[in-house]
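What follows is one structure encoded as structure tokens, with my remarks underneath.
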Amino acid sequence: MGQGPRGVILSTMQNAFEVAKVIAHDLEKEEHKSRSEKSGFDGVKSHISSEQTTSYKDYLKIADFEREHGRKVTSVEEMMKIVGLS
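Its first residue numbered 1465, the sequence shown is counted upward by one per residue in this note's numbering.
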């Protein structure tokens, strides 16, 4: 779906707009379902091809690491080590 940051603000922003359009379209299709019928992350898990998925809790670990070390973590490999997934 999305590619994540690539270092070029314009392409990242354009990618974000495309992802938002897809999400909005999907939400419109699902409007008729009640909240109790929606499956959340469990409903999309099977569509994710990468084993390298993270949670908001993992994001907070990475953000804390960056703050403590005064530098931005830019490699997926290092991020996965920080959250204990590699």
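Think of the CB as a built atom: it goes at the ideal place given N, C-alpha and C, for glycine as much as any other residue.
Collapsed DSSP secondary structure at residue i in the structure displayed
| i | result |
| --- | --- |
| G1534 | coil |
| K1502 | coil |
| S1539 | coil |
| T1517 | coil |
| S1510 | helix |
| L1549 | coil |
Member of the options whose CA lies at the smallest distance from the CA of residue i
| i | options | result |
| --- | --- | --- |
| K1521 | M1544, D1490, M1477, E1482 | M1544 |
| G1548 | E1501, L1491, D1490, K1525 | K1525 |
| A1527 | I1546, D1490, T1517 | I1546 |
Taking 8 Å as the cut-off, does the segment 1506–1513 touch the segment 1480–1490 (at least 3 CB pairs, one atom from each stretch)? no
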